[in-house]
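Numbers 728 to 1197, taken from the working numbering, label the letters of the sequence shown in order. Have a look at the structure below before the remarks.
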Amino acid sequence: MLEHAIKTLKDQFAKLARTLPPVAGWSEMELPTNGWLFLQHQHQHHWPGAQQTMRSSRISQDTAKLFEQAIAPAAAAPRRSSRRSLSRFSYSQHESPRTTNIAATITTDIEDAIAFASPPPKKRRLAASTTSTSAASSPSPPTPPPQQRRQPRTPRKPATKRTDTLTGETFISPPSEWEVTYNTVKQMRSPPGAASNAAVDSMGCERLADTKASPRTQRFHTLISLMLSSQTKDTVNAVAMHRLKTELPAHKPGAPMGLNLDNVLAVEPGVLNELIWAVGFHNNKTKYIKQAAEVLRDKWRGDIPDTIEGLTSLPGVGPKMAYLCLSAAWGRTEGIGVDVHVHRITNLWGWHKTKNPEETRLALQSWLPRDKWREINWLLVGFGQTVCLPIGRRCGDCDLGLGGLCKAADRKKVIAGRKTREQTAAFVEEDVKGAVLLVKEEKKKKEDEALLELVALKQEIVNDTKVGLL
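Take a look at the structure:
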């Protein structure tokens, strides 16, 4: 648009010049570079009456409009650029001194203003492309590779109630990945796993009965050990049971000492309390044991009940003790014995959201295969005693945490555990390589010794042959 305006202005100047009297030294075809100086020169020296003509002439008005449009971008240019253009302004050597003085009082030429204000579009595009090219060619810091996002694991779902669309029957769908979790814990509970050699393995209630006693007495031992185990560690329970089996007074002279129904019925509550003082709530347990012994004598002929209803009718015996006692004493598994470890750990895994052990028992029995009902108590109690402790869980040593199977695992402990295992694996690999190298060296040494012995033997044979020939 600027080029078109300039061309139009030149045409207007040419037409205007043809209508004016000629100026000495200027021809019609050779207009001065500064058109406005030319007009001013004609106005002041050759045609004094031209001022009114300039104001009323259509050509002058169009010229003024075009001039205002052309210099509009220049007006927006910085003040400093205008000063620079003025300082660089040069005049033609043919101009008179008077023309030079007039030029100093007006603005710069249109072409000068346009040139300094903004480059032509073609130049601007070239400059922009050059800048972009240089920016593209200039060295830039390498772009860091995008961080690889871990694929989010499929969220584990708890046991949910579902309905069969064909039959309309409702069933409980087990938690996702429960078998992987179960088998991993089972592997850890086996030697040399991190959860092996738990206290329940050697001092659990099932193992505290005296194997030399009668079957009825053994069942009684199992019941008493379960009644003492509530809110008590297995180690403390084992000590209390040992004292009862060795220090409980006989009910009559000549009768054997130790733990049996007759001796419990005859012992004073204070003596019994003294023997079991180390267990939790020993005062209440003393009272419950004495009351339960009387019920066994009066209603069960001196033996323990063989049903869940009968066992839970005894003072101090709840569902957990009843199911465990029925399984250990009578060899019948009719339910899951859920203690604090089973309740706590299964909720940590997200298998269900239950408020107490009884709710946990019902939830587990709704989907867990029946052949695992007896084993799960032993499995999780030992796991809770060694790895998944109530306070200070060892997530760094747990295969569930290291394998991403436990949503409640401590992240910091898991990271530290992984580093430790990597270092241990590296040491083991180095030791194995060293042992293999040592075996190879010993084997080579033996082969060399055998070869030397063979050479020596051959040399002796040769020497003996030579002596015989001589």
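For glycine and all other residues, C-beta sits at the position ideal for the given N, C-alpha and C.
Cβ distance (whole Å) where residue i is taken to contact residue j below 8 angstroms
{"i": "D992", "j": "R1024", "result": "It should be pointed out that residue 992 corresponds to Leu in this sequence rather than to Asp. Correct: roughly 6 angstroms between the Cβ atoms."}
{"i": "E1085", "j": "P1046", "result": "6 angstroms"}
{"i": "G1062", "j": "K1134", "result": "So it is not a contact: roughly 27 angstroms between Cβ atoms."}
{"i": "C1122", "j": "K1140", "result": "4 angstroms"}
Outcome for residue i when other beta-carbon atoms lying within 10 angstroms are tallied against a minimum of 16
{"i": "Q958", "result": "exposed"}
{"i": "A922", "result": "buried"}
{"i": "F1110", "result": "buried"}
{"i": "T908", "result": "buried"}
{"i": "A1019", "result": "buried"}
{"i": "T949", "result": "buried"}
{"i": "E1180", "result": "exposed"}
{"i": "A1090", "result": "buried"}
{"i": "T1192", "result": "exposed"}
{"i": "V1166", "result": "exposed"}
{"i": "I1142", "result": "exposed"}
{"i": "D1124", "result": "buried"}
{"i": "L953", "result": "buried"}
{"i": "L1184", "result": "exposed"}
Inter-residue spacing [alpha-carbon to alpha-carbon] between residue i and residue j
{"i": "Y1015", "j": "G1119", "result": "34 angstroms"}
{"i": "S917", "j": "G997", "result": "42 angstroms"}
{"i": "E1043", "j": "E1021", "result": "Note that residue 1043 corresponds to Gly in the displayed sequence, not to Glu. Using only the alpha carbons, I get a separation of about 13 angstroms."}
{"i": "D1126", "j": "V1182", "result": "58 angstroms"}
{"i": "Q1112", "j": "V927", "result": "8 angstroms"}
{"i": "G1130", "j": "S941", "result": "47 angstroms"}
{"i": "E1169", "j": "A1177", "result": "12 angstroms"}
{"i": "R970", "j": "I1003", "result": "8 angstroms"}
{"i": "L1053", "j": "E1036", "result": "11 angstroms"}
{"i": "K1099", "j": "K1012", "result": "31 angstroms"}
{"i": "A1055", "j": "E933", "result": "6 angstroms"}
{"i": "M968", "j": "G895", "result": "52 angstroms"}
{"i": "R1148", "j": "W905", "result": "25 angstroms"}
{"i": "E1174", "j": "V1189", "result": "23 angstroms"}
{"i": "G1144", "j": "T973", "result": "45 angstroms"}
{"i": "T892", "j": "N924", "result": "47 angstroms"}
{"i": "T938", "j": "N1083", "result": "34 angstroms"}
{"i": "E1187", "j": "G920", "result": "60 angstroms"}
{"i": "K1146", "j": "L1132", "result": "18 angstroms"}
{"i": "K1017", "j": "L1038", "result": "15 angstroms"}
{"i": "R1097", "j": "P980", "result": "48 angstroms"}
{"i": "A1152", "j": "N1010", "result": "52 angstroms"}
{"i": "K1171", "j": "Q1150", "result": "32 angstroms"}
{"i": "L955", "j": "P1117", "result": "20 angstroms"}
Close beta carbons around residue i, own chain, < 7 angstroms, minus the five adjacent residues each side
{"i": "F947", "result": "N987, L988 and I1031"}
{"i": "V994", "result": "L975 and P976"}
{"i": "A1005", "result": "V963, V966 and A967"}
Contacts around residue i, its chain only, beta-carbon distance under 6 angstroms, and the 5 residues preceding and following it disregarded
{"i": "D1066", "result": "K1047"}
{"i": "K884", "result": "S903"}
{"i": "T890", "result": "T897"}
{"i": "Y1050", "result": "G1062 and G1064"}
{"i": "I944", "result": "Note that residue 944 corresponds to Thr in the displayed sequence, not to Ile. Answer for T944: N987, listed in chain order."}
{"i": "D1198", "result": "Shown here, the chain extends from 728 to 1197; a query on residue 1198 therefore has no answer."}
{"i": "A936", "result": "Q945, H948 and T949"}
{"i": "L999", "result": "T1013"}
Close-in-space but distant-in-sequence residues of the same chain around residue i (CB under 8 angstroms, 5 per side omitted)
{"i": "T1087", "result": "V1065, V1069, H1070, T1073, N1074, H1079 and T1081"}
{"i": "M930", "result": "D961, T962, N964 and A965"}
{"i": "F1008", "result": "S957 and Q958"}
{"i": "S1040", "result": "V1022 and P1032"}
{"i": "N990", "result": "L975, P976, A977, H978, A982 and M984"}
{"i": "P901", "result": "A886, W1094 and L1095"}
{"i": "S1059", "result": "According to the sequence as given, residue 1059 is Arg; it is not Ser. Answer for R1059: D1033 and L1053, listed in chain order."}
Any non-hydrogen atom of the ligand HEM closer than 8 angstroms to residue i Cβ
{"i": "L1178", "result": "Looking for the ligand HEM in the displayed structure turns up nothing, as the structure carries no ligands at all."}
Does the pairing of the stretch 899–915 with the stretch 1105–1116 give three or more beta-carbon distances under 8 angstroms? yes
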